[in-house]
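Below is one structure, written out as structure tokens; comments come after it.
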Amino acid sequence: MPQTELHQFDSLVLKPVKLHHEIRFRKYAGNGRAGHVFKIRMDKEDYALKMFKFDNPALNATKFKGTKRKAFYDPFYIECRANGALIERGWNGQILPSCYGWTEIPHDVELQVASRFGIQSFLWDRPENVEHQQIRGILYEWVDGRPLTQIRMTSDIANQARKLLKALHDVGILHGGVAASNFLVEESNQKVHLIDLSASITHPHISISQEELKKRQQKERLELEVGFSCLSANPINQGVCVADFSGFDVESLNNSFADVPLIKHLWAPPQPTYWQPAPP
Numbered sequence: 001m002p003q004t005e006l007h008q009f010d011s012l013v014l015k016p017v018k019l020h021h022e023i024r025f026r027k028y029a030g031n032g033r034a035g036h037v038f039k040i041r042m043d044k045e046d047y048a049l050k051m052f053k054f055d056n057p058a059l060n061a062t063k064f065k066g067t068k069r070k071a072f073y074d075p076f077y078i079e080c081r082a083n084g085a086l087i088e089r090g091w092n093g094q095i096l097p098s099c100y101g102w103t104e105i106p107h108d109v110e111l112q113v114a115s116r117f118g119i120q121s122f123l124w125d126r127p128e129n130v131e132h133q134q135i136r137g138i139l140y141e142w143v144d145g146r147p148l149t150q151i152r153m154t155s156d157i158a159n160q161a162r163k164l165l166k167a168l169h170d171v172g173i174l175h176g177g178v179a180a181s182n183f184l185v186e187e188s189n190q191k192v193h194l195i196d197l198s199a200s201i202t203h204p205h206i207s208i209s210q211e212e213l214k215k216r217q218q219k220e221r222l223e224l225e226v227g228f229s230c231l232s233a234n235p236i237n238q239g240v241c242v243a244d245f246s247g248f249d250v251e252s253l254n255n256s257f258a259d260v261p262l263i264k265h266l267w268a269p270p271q272p273t274y275w276q277p278a279p280p
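Using full-length UniProt numbering, read the sequence shown as starting at 1 and increasing by one per residue.
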């Protein structure tokens, strides 16, 4: 049941930006189902370059097609649209790191990534019918921060995270992937940043009403509180009861969520990977 016209839905797409020829990859910064993030150096400035996997119908079968498929299954399109909304509504750089636009990744840059980080062509899920299509990416301000699982929690950090999520909701966006890894804390000043909009829902949406969006946002705020309670079990928070930072009855919240095991997984310290070994 469509909630908005197609031209309205496409009106918030992020604008393109060109990468300069000389890009230096400084380090691998993270990964998820949507793709990989790198710290890059360009024009004497550091940036975060998020390179997205393709939405491959052969790997993700659904009856949805066209714009509706993009709205639910293409993380690049979803994240572009959310960033476009933040820019249009005057919130760029205030909730998430500043976004500078989307870009197509030159073939030689893709080869650099394969050579240096071992991310070969087949790992981008490129469909056979677009085998020559370039990988797409989004360019962000670089934030030198650590996820919530790698820092000792304080009430100030928890409150900053709450305010960021509420601000995102107030702009009309559901984050869709609230997890410890999607909040970065700068060690120098303890400033918190929300990241990763690849699973977000931005209003107006082609299928989800504003009423339904608000219901999901309320649930997402409660999930954040359950996540905080999970951080109490993290060894780095020994002696700190993170649940005390919440105004909710966390035990009741735990009992009311059928997906608590999933929430606990999203708020547990991540396992080391080939690209990201265990932190020091």
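The beta carbon of each residue, even a glycine, is placed where N, CA and C say it ideally should be.
Checklist entry - Does the Cβ of residue 90 have 16 or more other Cβ atoms within 10 Å, making it buried, or fewer, making it exposed? => result exposed
Checklist entry - Quick one, which of 170, 165, 184, 126 has its alpha-carbon nearest residue 141's? => result 184
Item to check | Inside the region 191 to 256 only - alpha helix (DSSP H) runs reaching at least 4 residues | outcome: 210 to 231, 250 to 256
Next on the checklist: Could you tell me the alpha carbon to alpha carbon distance between residue 217 and residue 122, rounded to whole angstroms?
Outcome noted: 35 Å
Next on the checklist: Spatial neighbours of residue 143 within its chain, please: C-beta separation below 6 Å, excluding the five flanking residues on both sides.
Outcome noted: 97, 184, 193
Next on the checklist: Can you tell me which residues form a DSSP beta bridge with residue 141?
Outcome noted: 47
Checklist entry - According to DSSP, which residues form a beta bridge with residue 146? => result 185
Item to check | Supposed contact pair residue 83 and residue 14 - C-beta distance, whole angstroms, cut 8 Å | outcome: 5 Å
Item to check | Extent of the continuous alpha helix (DSSP H) run through residue 78 | outcome: 75 to 88
Checklist entry - Under the DSSP definition of a beta bridge, which residues are partnered with residue 269? => result DSSP, once it has assigned bridges, lists no residue as partnering residue 269.
Item to check | Residues near residue 24 by beta carbon distance below 6 Å, same chain, minus five either side | outcome: 41
Item to check | residue 165, DSSP secondary structure in three states | outcome: helix
Item to check | Residue span of the alpha helix (DSSP H) that contains residue 114, given as start and end | outcome: 107 to 117
Item to check | Cα-Cα separation between residue 206 and residue 78, rounded to whole angstroms | outcome: 12 Å
Item to check | Segment limits, beta strand (DSSP E) that includes residue 37 | outcome: 35 to 42
Checklist entry - Should residue 268 and residue 241 be called a contact, given that it needs their Cβ atoms to be closer than 8 Å? => result no
Checklist entry - Looking only at its own chain, which residues have a Cβ that is under 7 Å from the Cβ of residue 110, when we skip the five neighbours before and after it? => result 135
Checklist entry - Using the C-alpha atoms, what's the distance from residue 178 back to residue 3? => result With a pLDDT of 44 at residue 3, under the threshold of 50, the modelled position of this residue cannot be trusted; read the value that follows with caution. Residue 3 and residue 178: Cα-Cα distance of roughly 25 Å.
Item to check | Distance, residue 125 Cα to residue 226 Cα | outcome: 33 Å
Checklist entry - How many angstroms separate the CA atom of residue 139 from the CA atom of residue 213? => result 27 Å
Checklist entry - Can residue 55 and residue 28 be called in contact, C-beta distance under 8 Å? => result no
Checklist entry - Among 26, 190, 233, which one has its Cα closest to the Cα of residue 45? => result 26
Next on the checklist: I'd like to check one pair, residue 245 with residue 115: are the Cβ atoms closer than 8 Å?
Outcome noted: no
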